[in-house]
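Engineer:
Protein chains in written order, with this note's numbering: chain D, 334 to 686; chain F, 6 to 262.
1. Residue 236 of chain F bridges to which residues according to DSSP?
2. Name, in chain order, the residues that DSSP records as bridge partners for residue 22 of chain F.
3. Kindly list the residues whose CB is nearer than 6 Å to the CB of residue 607 of chain D, restricted to its own chain and excluding five residues on each side of it in sequence; keep chain order.
4. Distance cutoff 8 Å, beta carbons only. Does residue 334 of chain D sit that close to anything in chain F?
5. Could you please tell me which residues of the region 533–557 of chain D, in chain order, have their CB closer than 9 Å to any CB of chain F?
6. Where residue 567 of chain D and residue 234 of chain F are concerned, what is the direct C-alpha to C-alpha distance, given to the nearest angstrom?
7. So that I know if they touch, is there some Cβ in chain F lying closer than 8 Å to that of residue 295 of chain D?
8. Give a yes or no on whether the C-beta atoms belonging to residue 203 of chain F and residue 174 of chain F are separated by under 8 Å.
9. Is any beta-carbon of chain D found at less than 8 Å from that of residue 125 of chain F?
10. Determine, using beta carbons only, whether residue 78 of chain F and residue 254 of chain F come nearer to each other than 8 Å.
11. How big is the Cα-Cα spacing for residue 14 of chain F and residue 394 of chain D?
12. If residue 164 of chain F sits next to residue 93 of chain F, beta carbons under 8 Å apart, how far is it from one beta carbon to the other, in whole angstroms?
13. Would you list, in chain order, the members of the region 342–375 of chain D that have their beta-carbon closer than 7 Å to a beta-carbon of chain F?
14. Between residue 153 of chain F and chain D, is the shortest Cβ-Cβ distance under 8 Å, so that the two count as touching?
15. For a contact meaning CB atoms closer than 7 Å, what does residue 530 of chain D contact in chain F?
16. Which same chain residues, not among the five before or five after residue 506 of chain D, have their C-beta less than 7 Å away from its C-beta?
17. How should residue 72 of chain F be labelled, buried or exposed, when 16 other C-beta atoms within 10 angstroms of its C-beta is the threshold for buried?
18. Going by the DSSP bridge assignment, what does residue 89 of chain F pair with across the sheet?
19. Measure the CB-CB distance between residue 213 of chain F and residue 46 of chain F and report whether it falls below 8 Å.
20. Specify, as a first and last residue, the run of the alpha helix (DSSP H) that residue 516 of chain D falls within.
21. Have a look at residue 493 of chain D and residue 598 of chain D and give me their C-alpha separation to the nearest angstrom.
22. On the DSSP bridge list, what partners appear for residue 67 of chain F?
23. Give the range of the beta strand (DSSP E) segment to which residue 3 of chain F is assigned.
24. Near residue 334 of chain D, which residues of its chain fall below 8 Å by C-beta distance, leaving aside the five closest residues on each side in sequence?
25. Going by C-alpha to C-alpha distance, which of F:65, F:55, F:124 and F:108 sits closest to residue 182 of chain F?
26. What residue from D:622, D:410, D:642 and D:450 has the CA that sits closest to residue 385 of chain D's CA?
27. For a contact defined as C-beta to C-beta under 9 Å, what are the partners of residue 566 of chain D on chain F?
28. Are residue 68 of chain F and residue 10 of chain F touching if we call contact CB-CB under 8 Å?
29. Going by DSSP, what residue range makes up the alpha helix (DSSP H) through residue 594 of chain D?
30. Distance cutoff 8 Å, beta carbons only. Does residue 613 of chain D sit that close to anything in chain F?
31. State yes or no: is the C-beta of residue 250 of chain F within less than 8 Å of the C-beta of residue 238 of chain F?
32. Using the DSSP secondary-structure output, state which residues sit across from residue 166 of chain F in a beta bridge.
33. Just the chain D side, please: which residues come within less than 7 Å of residue 56 of chain F by C-beta, in chain order?
34. Figure out for me which residue from F:236, F:216, F:211 and F:217 has the closest Cα to the Cα of residue 226 of chain F.
35. Does the beta carbon of residue 526 of chain D come closer than 8 Å to any beta carbon on chain A?
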């Protein structure tokens, strides 16, 4: 049988249009159709609990792709993701619950308003780099959370706000399964958009800003414009993820958008792979499911060693940190890189080079 | 002869160090112009002033009669001015093709919407510019490595891609900062041929910084010589060869024991 990992073999491109297609070969088309089919079929087999977990994975993936555009592709570290999720969630909450408009209007508006807020907090990026920028975005986190928790008349203060599930006509996305499909569709649009953006003019400019900003200027790239643009595009998706999350949990409150959330999102793209759309998704799934997996493991072990219960529950936090450290040391390229290595291995199999 | 670039009385000061001191010369349209001088003479500083990375302390730089001294570097690119760096400044993770496409950044229009959708205008533009980039690839003989990440290429090839990225802009004025540094004779021959071709076939005005005087003398129409930030010679190669100041800067003064 032909090696399924070598689909390009014997496929000669005769025009630039063919060469630049996202899915150029039949094999690639089949593969992507299989993946999408599998993702869509999951709810048929999975329990309600798992569909709920996967919905969280899908929503986090959208946010992680957003953050990866900023941190992975443009090289601007942001610790403000948590707050930007909050901006998205609260914008949607205010538009739907307070103003009584439809979810379908509030979702893009939540993205746009988060993009504007993100763009504003991206302004210091012109002068600040690396760790200094990270601290500046931490300021965004603190400022936004402060506003959310103190502007009681609009945001409901620390009590938060209640949201409802979206609906089309008489159909409401109230079940986990329907909401899962809604999120998957939005994720697919996000993936397609991000992939295309990153292989065209703007995406190349983002990479140029990350790798060598001085050379980028000489190429005719306005650094300030593209840094702010990266903040805005990234925040747009984070805002969309925030709004989706808000309507999923049906509640928004300040403590859901703490710095811990920001760090979790950074961990997602670090573990998944900086500068990779696939990596963002893998990382988001990994970080969302890791506590669940560890919890299940602890529950299993506790049955045999009941005395160790308190120790083992602390083990969860410990393992979470350990995994991140191990990834940073042994696979800085993240899960996306591991997947590439696996593909490479089978492409060359049975020869090692 | 029409002048494409006029440098008048340019001074550049870093604290107490005068990197450039009242330098005046001009570059004619369509010529190969060389900027030479011993190490630390201010050649790269001069290029940085022209491309806008440094703000001169005084003087004037006119591009086709237009004052550009306060213009941002990315706007100068729009005027048709491209530059290749001395210490390779390519984007190592991107393929040769993407690096060259980046060179055409200022000629393209796709934004976050048309680029992200990649239907209609966005893809048409990508393909049209791909064709232009392929011309550069063919010109510099980079066909077999067009999809290779630049970081994995050899030094000589990286230098060629660096020149190609500047050339991808279809510039009227190309600034080449030591394109032949660290190359062997065969590679130097090849690069010289590329420079002559871009000058003769494409009609590009070339500004060259180079240490190999043999190459400089045989390629250039005019030469400017810098030493410790001062212009000590400006003219055609023949004149420069006879200039006693230039000889002193390069060979040193005869010491009588």
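No residue lacks a Cβ here, since even glycine has one placed at the ideal position from N, Cα and C.
Structural biologist: Taking the geometry as given:
1. F:231
2. F:19
3. 405
4. Reliability of the predicted coordinates at residue 334 of chain D is poor, the pLDDT of 46 falling under 50, and the value obtained from them is presented with this limitation in mind. By this cut-off, residue 334 of chain D is not an interface position.
5. 533, 534, 535, 536, 537, 538, 540, 541, 543, 544, 545, 547, 548, 549, 550, 551, 552, 553, 554, 555 and 556
6. 46 Å
7. Residue 295 of chain D falls outside the range modelled here, since chain D spans only 334 to 686, and no answer is possible.
8. no
9. no
10. no
11. 57 Å
12. 7 Å
13. 349, 350 and 353
14. no
15. 117, 120 and 121
16. 498, 499, 500, 512 and 515
17. exposed
18. F:181
19. no
20. 509–531
21. 22 Å
22. F:11 and F:72
23. Outside the shown range of chain F (6 to 262) lies residue 3 of chain F, about which nothing can therefore be said.
24. Confidence in residue 334 of chain D is poor, its pLDDT being 46 and thus under 50, which makes the residue's placement unreliable; the coordinate value appears in the next sentence. Around residue 334 of chain D: no qualifying Cβ.
25. F:55
26. D:622
27. 117 and 121
28. yes
29. 592–605
30. no
31. yes
32. DSSP lists no partner for residue 166 of chain F.
33. 551
34. F:211
35. Given the protein chain composition of this structure (D and F), no chain A is represented.
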